[in-house]
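Structure, as structure tokens:
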Amino acid sequence: MKKLLLILIFLFIASPVYAANRYWVGGTESWDATAGTKWALTSGGAGGEAVPTSADDVYFDAASGAVSVTVAAASNCLSLNFTGFTGTFAGASALSIYGSLTMASGMTNNYTGAITFAATSAKTITTNGKALASAIIFN
Numbered sequence: 003m004k005k006l007l008l009i010l011i012f013l014f015i016a017s018p019v020y021a022a023n024r025y026w027v028g029g030t031e032s033w034d035a036t037a038g039t040k041w042a043l044t045s046g047g048a049g050g051e052a053v054p055t056s057a058d059d060v061y062f063d064a065a066s067g068a069v070s071v072t073v074a075a076a077s078n079c080l081s082l083n084f085t086g087f088t089g090t091f092a093g094a095s096a097l098s099i100y101g102s103l104t105m106a107s108g109m110t111n112n113y114t115g116a117i118t119f120a121a122t123s124a125k126t127i128t129t130n131g132k133a134l135a136s137a138i139i140f141n
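Throughout, the working numbering is defined as the position within the sequence shown, counted from one, plus 2.
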């Protein structure tokens, strides 16, 4: 019984950490390497989560507010989704997307940094009428 309990504890501790969704709740701020209170696990949730990685889906939605978000350092995400976002996406630092991109018709896109699409399988790019003023790189 003691061995079984130890094995179960080990399996629980050794379980892999899976990617998470990241929702912008940081107001008008920079998307950079500082987590602060910018990212939440749920739409409109409490900030304080880690900065997104290439394994995390990123969402800017209605609960993000009509704010301005500036990509101020090289950033990564799995998919990037702006559905419902009415703010401004800006900046010139590199952005790597390992999944799909969905822009929102009600947002303002002032982002001019290079976007690298680094997916290993077919993904989609949906602009909803928004022009991309960035260098687009497909890896």
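Here a beta-carbon is modelled for each residue, glycine too, at the ideal position from N, C-alpha and C.
Give me the Cβ distance between residue 106 and residue 90, rounded to the nearest whole Å; I'm assuming they're in contact under 8 Å.
-> Taking the first residue of the sequence shown as 1, we reach residue 106 at position 104. Taking the first residue of the sequence shown as 1, we reach residue 90 at position 88. In fact, because the Cβ distance is near 11 Å, the residues do not count as touching under 8 Å.
Output yes or no for whether 8 Å exceeds the beta carbon distance between residue 69 and residue 47.
-> To locate residue 69, count along the sequence shown from 1; it is residue 67. To locate residue 47, count along the sequence shown from 1; it is residue 45. Their beta carbons are not under 8 Å apart, which means residue 69 does not touch residue 47 by this criterion.
Which residues in the same chain have their Cβ closer than 7 Å to the Cβ of residue 122, if we skip the five residues on either side of it in sequence?
-> The residue labelled residue 122 in the question sits at position 120 within the sequence shown. Hits under 7 Å: none found.
DSSP beta-bridge partners for residue 71?
-> Position 69 of the sequence shown holds residue 71. According to DSSP, residue 71 bridges with 31, 91.
Residues bridged to residue 42 (per DSSP) = Taking the first residue of the sequence shown as position 1, residue 42 is located at position 40. Per DSSP, 25.
Going by C-alpha distance, which of 24, 78, 30 is nearest residue 60?
-> Sequence index remark: in the sequence shown, residue 60 carries index 58 (1-based). Closest option to residue 60, Cα to Cα, is 24.
Return helix, strand or coil for residue 98, following the three-state DSSP convention.
-> The residue labelled residue 98 in the question sits at position 96 within the sequence shown. Correct three-state label for residue 98: strand.
Sub-8 Å separation of residue 65 and residue 52 beta-carbons = By one-based count along the sequence shown, residue 65 stands at place 63. By one-based count along the sequence shown, residue 52 stands at place 50. Their beta carbons are not under 8 Å apart, which means residue 65 does not touch residue 52 by this criterion.
For residue 72, is the classification buried or exposed, using 16 other Cβ atoms within 10 angstroms of its Cβ as the cut-off for buried?
-> What you label residue 72 is simply residue 70 of the sequence shown in a count that begins at 1. Looking at its Cβ environment, which holds 16 or more other Cβ atoms inside 10 Å, residue 72 is buried.
With distances taken from CA atoms, which of 130, 131, 139 is nearest residue 98?
-> Here the question's residue 98 lines up with position 96 in the sequence shown. By alpha-carbon distance to residue 98, the top candidate from 130, 131, 139 is 139.
Residue 45: which of 32, 22, 56, 34 sits nearest, CA to CA?
-> The count along the sequence shown starts at 1 and reaches residue 45 at position 43. For the residues 32, 22, 56, 34, the minimum Cα distance to residue 45 belongs to 22.
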